[in-house]
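Respectively, the protein sequence lines represent chains E and Y. Sequential numbering of the first sequence, starting at 0, is according to numbering that gives the first Met the number 0. Sequential numbering of the second sequence, starting at 0, is according to numbering that gives the first Met the number 0. Quick reminder that beta carbons are idealized off the backbone N, C-alpha and C, glycines included. Below you'll find the structure, written out as structure tokens, and then a few comments.
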Amino acid sequence: MIKPIALTSILLLLASIGQAEIYVVTNRDNPVATMDKQAVRDLYLARSRAFEHGDAAIVYDRGNTPVRKRFLTALLGMNERQFDAYWARLVFAGRVLPLEQAEQADELRKRVANNINAIGYLDEAPTWPDLKTVLVIPE
Amino acid sequence: MVKPKVISILVVMEEKAPLPRLSFALYANPLLACILASLCVIVGPVKAEPDLQVSGFGTLGLSVEREENLSFLRDSNQSKDPEKDGSILPDSILGLQLSTRFAADLRATTQFVYRDRPEQGLEEATELAFLGYSPIFDLDLRAGRMAIDMFQLSDYRRVDYANLWIRPPKEVYGWILPSSIDGLDAAYSFARGDYYWRFKLQYGETDALLEAPDGSQAFKNEFENFIVSTLSLETGLWRFRLSYSQADFPVGTSPLVPVLEGISLVPGLIGDEAQSFADRLRGQTSGEVRYWQASAGYDDGTWIADLELAYLSATRTWVPTGKAGYLSIGRRYDNVTAYGVFARFYGDQTPVKGRADWSPLPDITAPDGQVYTAEFIRDVSVASINGPLLEQYTFSLGLRWDVAPKVALKVQWDRTKIEAEQYSLWAHEANRAASDSIVNLYSVAFNFIF
């Protein structure tokens with residue numbers, strides 16, 4: 000027989016999986032308070048290059064990590080293969096430079112903390128004081 | 000039998016006209032911009048934090064067909080060997096790209112590509128070398144050597160990983176000679192909601208080395224005042240594109256024309272035939288080509304479809320002219336995509352045939368001082384007129400398997416029907432018998448990017 004406490008834990012775990020979210024983060028001092036999904040989508044598709052206030056955005060991707068797959072699906076409705084092919088077209092046509100990469104969360108945190116114009120994403124809310132969440136994308 | 004040595008002896012270019020005087024120093028010497036861009040990338044940024052980005056792409060491909068006296072080419076500007084039935088050369092490629100950013104608005108990119116071509120060298124391998132400047136975020140200005148942007152896939156047509164198929168449909172992409180342009184371009188783009196618009200203009204010059212169909216000789220084709228204008232729109236799952244391009248050729252003279260005009264004085268069938276050949280070849284010496292293009296694409300993650308139509312007209316017949324297009328439909332099943340393509344090129348030039356017997360004529364001394372038989376002159380004339388002609392269609396079926404991130408394996412079967420005397424997308428002997436051909440091409444390719 001499953002103990003009530005164990006059952007509660009399982010239910011909470013399932014609930015947290017069902018309500019998983021991706022957190023889009025910037026530097027704490029970035030003037031942007033919040034962003035909508037379209038604005039983040041435009042940055043990750045290289046359709047825009049700047050934040051709303053006019054500063055150039057430095058956009059970070061997460062290499063080969065599970066959160067990347069979830070982020071691309073939730074934000075763009077694309078799988079990784081589609082996204083890689085899309086960026087290959089842009090980069091090798093000489094239209095844009097490749098996305099910056101920060102595979103590990105700690106690495107991303109350092110990069111975003113050190114650059115007021117950096118933007119990236121995490122699979123949990125940032126606990127570091129030098130980062131802030133500008134968009135939460137539910138899955 | 001004497002094999003006609005085609006084409007390169009036929010066109011003698013006059014001295015190249017001087018470039019238009021522009022105030023842009025980098026345009027005035029595009030090579031300078033290319034060298035500058037290369038140096039900038041290699042030397043690296045002057046700021047403290049290194050920012051050199053290295054990326055690349057490649058394909059190891061094998062293609063096999065069994066057609067006698069016809070040999071597969073991916074592009075008409077590859078090396079040609081009519082006896083070859085299977086090879087890794089047409090589809091295999093390796094590209095290395097170096098990029099750096101000096102400031103938010105200034106960058107440089109250089110791309111070196113190793114692939115099969117008539118001549119290998121650093122100049123040929125350098126497909127991109129430009130400086131890019133963005134005075135505002137929506138505007139990109141570039142100077143140096145850029146990918147030419149004539150058609151939907153033109154500026155990344157060699158990056159096979161980025162495309163669904165083993166190669167872009169030959170009927171639309173096999174005959175586009177130049178891949179890069181030396182000059183300037185400007186692109187203005189903006190997003191409004193889910194509508195992303197992009198306008199682009201390119202201007203410059205380029206050249207392409209093209210081998211005779213039997214690979215015996217190569218000659219350089221120059222394009223001047225090359226203008227490419229494009230308008231594209233991406234919205235939702237759709238993308239659309241319209242473009243118009245035109246270019247001038249340096250004016251040249253075929254040395255065959257005066258020879259044929261001399262023969263045309265002979266009364267009867269021989270003279271009439273020589274006159275008609277001279278008229279066709281005289282048309283080769285003026286110089287303008289125009290390309291129109293329209294395309295639409297759809298991708299919902301499961302289904303992927305592309306339609307592209309093009310029209311090409313030219314006043315010089317060494318490039319194919321006519322209508323071209325393809326329709327491609329693919330269906331994704333997790334990491335595997337199955338696809339089918341139908342592509343066609345409708346040529347608008349009629350091939351000629353040598354019907355008269357020229358053997359009674361005496362030998363002829365050509366402007367180069369060599370003596371040829373009249374029959375040889377006739378065969379060379381026919382081969383020169385028919386050499387660039389193109390009329391064919393292809394059904395293709397294939398599978399793409401995304402084996403791992405940034406790695407794909409593809410297999411493809413192409414069945415191509417080629418009209419007689421219109422083999423310009425294939426290597427062939429100049430004296431190949433005039434007959435329709437059906438070619439089955441089997442290909443496998445391994446694509447990667449990094």
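Is DSSP giving Gln274/Y helix, strand or coil here? In the second sequence, the residue the question calls residue 274/Y occupies position 275. Note: Gln274/Y maps to helix in three-state DSSP.
Considering only DSSP beta bridges, list what Ala207/Y is partnered with. Reading the second sequence from its first residue, position 208 is the one you call residue 207/Y. Answer is Asn220/Y.
Arg48/E CB to nearest chain Y CB: under 8 Å? Start at 1 with the first residue of the first sequence, and residue 48/E comes out as number 49. Yes, Arg48/E counts as interfacial toward chain Y.
Nearest to Asp435/Y by CA position, among Glu66/Y, Phe341/Y, Asp74/Y, is which residue? For the purposes of this step, residue 435/Y is taken as residue 436 along the second sequence, with counting starting at 1. Comparing Cα positions, the closest option is Glu66/Y.
Does DSSP classify Leu152/Y as helix, strand or coil? The residue labelled residue 152/Y in the question sits at position 153 within the second sequence. Looking at Leu152/Y - three-state DSSP - the assignment turns out to be coil, as it is neither helix nor strand.
With 8 Å set as the bound, which would you pick, yes or no: does the beta-carbon of Glu20/E sit closer than that to a beta-carbon of chain Y? Taking the first residue of the first sequence as 1, we reach residue 20/E at position 21. It does not; no Cβ of chain Y falls within 8 Å.
Helix, strand or coil for Ile135/Y per DSSP? Position 136 of the second sequence holds residue 135/Y. DSSP places Ile135/Y in coil when its eight states are reduced to three.
Given that a residue counts as buried once 16 or more other Cβ atoms are within 10 Å of its Cβ, and exposed if not, what is Trp237/Y? Here residue 237/Y refers to the residue found at position 238 of the second sequence. It is exposed - the Cβ of Trp237/Y has fewer than 16 other Cβ atoms within 10 Å.
Let me confirm a value: Leu264/Y is counted as buried when at least 16 other C-beta atoms fall within 10 Å, else exposed. Which label applies? By one-based count along the second sequence, residue 264/Y stands at place 265. By the neighbour-count rule (16 or more Cβ atoms within 10 Å), Leu264/Y is not buried but exposed.
My assumption, with CB atoms under 8 Å, is that Tyr422/Y sits in contact with Pro212/Y. Please give the rounded CB distance. For this step, residue 422/Y is matched to residue 423 along the second sequence. For this step, residue 212/Y is matched to residue 213 along the second sequence. Confirmed, Cβ separation roughly 7 Å.
Does chain Y have any CB closer than 8 Å to the CB of Pro97/E? Looking up residue 97/E in the first sequence gives position 98. Judged by the 8 Å Cβ criterion, Pro97/E is in contact with chain Y.
What residues from the segment 100–115 of chain E come within 7 Å of chain Y, judged by C-beta to C-beta, listed N to C? none
Where does Leu107/E fall in DSSP's three states? Position 108 of the first sequence, counted from the first residue, corresponds to residue 107/E. Helix, per DSSP.
Ordered along the chain, which non-local residues of its own chain (more than five positions away) have a Cβ less than 6 Å from that of Phe198/Y? Within the second sequence, numbered from 1, the residue matching residue 198/Y stands at position 199. Result list for Phe198/Y: Tyr187, Leu230, in chain order.
Is DSSP giving Ser442/Y helix, strand or coil here? Numbered from its first residue, the second sequence carries residue 442/Y at position 443. Residue state, collapsed to three classes: strand.
Closer than 8 Å at the beta carbon, the chain Y residues around Met77/E: Counting from one through the first sequence, the residue named residue 77/E turns up at place 78. Correct list: Gly300.
For Phe82/E, go through chain Y and note every residue whose CB falls closer than 9 Å to its CB, in chain order. Working through the first sequence from its first residue, we reach residue 82/E at position 83. Correct list: empty, because the minimum Cβ distance to chain Y is about 10 Å.
Alpha helix (DSSP H) containing Asn26/E: first to last residue? Locating residue 26/E in the first sequence gives position 27, counting from the first residue. Element bounds for Asn26/E: not the alpha helix (DSSP H) but the beta strand (DSSP E), 20–26.
List the residues of chain Y whose Cβ lies closer than 7 Å to the Cβ of Asp41/E, in chain order. Here residue 41/E refers to the residue found at position 42 when the first sequence is read from its first residue. Correct list: Ala190.
Spatially closest choice to Ala323/Y from Tyr345/Y, Asp333/Y, Asn334/Y, by CA coordinates: The residue given as residue 323/Y occupies position 324 in the second sequence. The shortest C-alpha separation from Ala323/Y is found at Tyr345/Y.
From this set, Thr393/Y, Gly296/Y, Trp164/Y, which residue's C-alpha is nearest Tyr338/Y's C-alpha? In the second sequence, residue 338/Y corresponds to position 339, counting from 1. Nearest C-alpha to Tyr338/Y: Trp164/Y.
Taking the beta strand (DSSP E) that Ala295/Y belongs to, which residues open and close that run? Reading the second sequence from its first residue, position 296 is the one you call residue 295/Y. Run containing Ala295/Y: 287–298, per the beta strand (DSSP E) assignment.
Segment limits, beta strand (DSSP E) that includes Gln119/Y: On the second sequence, residue 119/Y is found 120 positions in, with the first residue counted as 1. Secondary structure note for Gln119/Y: it is in no beta strand (DSSP E), with a DSSP letter that is neither H nor E.
Three or more C-beta pairs below 8 Å linking the segment 78–86 of chain E and the segment 20–31 of chain E: No: fewer than three Cβ pairs fall under 8 Å.
Leaving out five residues before and five after Arg61/E in sequence, what residues of the same chain have Cβ atoms less than 8 Å from its Cβ? Counting from 1 along the first sequence, the entry for residue 61/E is found at position 62. The residues are Arg67, Phe70, Gln100, Ala101, Glu102, Leu107, Gly119, Tyr120.
Just tell me which of Leu93/Y, Leu69/Y, Asp90/Y has its CA closest to the CA of Glu82/Y. In the second sequence, counting from the first residue as 1, residue 82/Y sits at position 83. Answer by Cα proximity: Leu69/Y.
Can you list the alpha helix (DSSP H) stretches of 4 or more residues lying completely in the segment 47–92 of chain E, in chain order? 65–75, 79–91
Quick one: list the residues of chain Y neighbouring Arg145/E, beta-carbon separation under 9 Å, in chain order. The requested residue 145/E is not part of the displayed model; chain E covers only 0 to 138.
Quick check on Arg399/Y: buried or exposed, where buried means 16 or more other Cβ atoms within 10 Å of its Cβ? As a working note, residue 399/Y is residue 400 in the second sequence. Arg399/Y should be labelled buried.
For chain E, is any of its Cβ atoms less than 8 Å away from the one on Val103/Y? Counting from one through the second sequence, the residue named residue 103/Y turns up at place 104. Residue identity differs from the one stated: residue 103/Y is Ala in this sequence, not Val. So, interface residue.
With 16 other CB atoms within 10 Å as the buried threshold, where does Val24/E fall? For the purposes of this step, residue 24/E is taken as the residue at position 25 of the first sequence. Buried, since its Cβ has 16 or more Cβ neighbours within 10 Å.
Between which two residues does the alpha helix (DSSP H) containing Pro137/E stretch? Position 138 of the first sequence, counted from the start, is the residue given in the question as residue 137/E. Following the DSSP letters along the chain, one finds Pro137/E in no alpha helix (DSSP H) but inside the beta strand (DSSP E) bounded by residues 130–137.
What residue ranges within the segment 334–367 of chain Y form continuous beta strand (DSSP E) runs of no fewer than 3 residues, ordered along the chain? 335–346
Please name the residue or residues paired with Trp400/Y in a DSSP beta bridge. In the second sequence, the residue the question calls residue 400/Y occupies position 401. DSSP output for Trp400/Y lists Val335/Y, Leu408/Y as bridge partner(s).
Using a Cβ cut-off of 8 Å, pull out every chain Y residue sitting near Phe70/E, in sequence order please. Sequence index remark: in the first sequence, residue 70/E carries index 71 (1-based). Those within 8 Å of Phe70/E in chain Y number zero; the least Cβ separation is about 15 Å.
Cross-chain neighbours of Leu140/Y in chain E, by beta carbon under 8 Å: As a working mapping, residue 140/Y is identified with position 141 in the second sequence. Those within 8 Å of Leu140/Y in chain E number zero; the least Cβ separation is about 13 Å.
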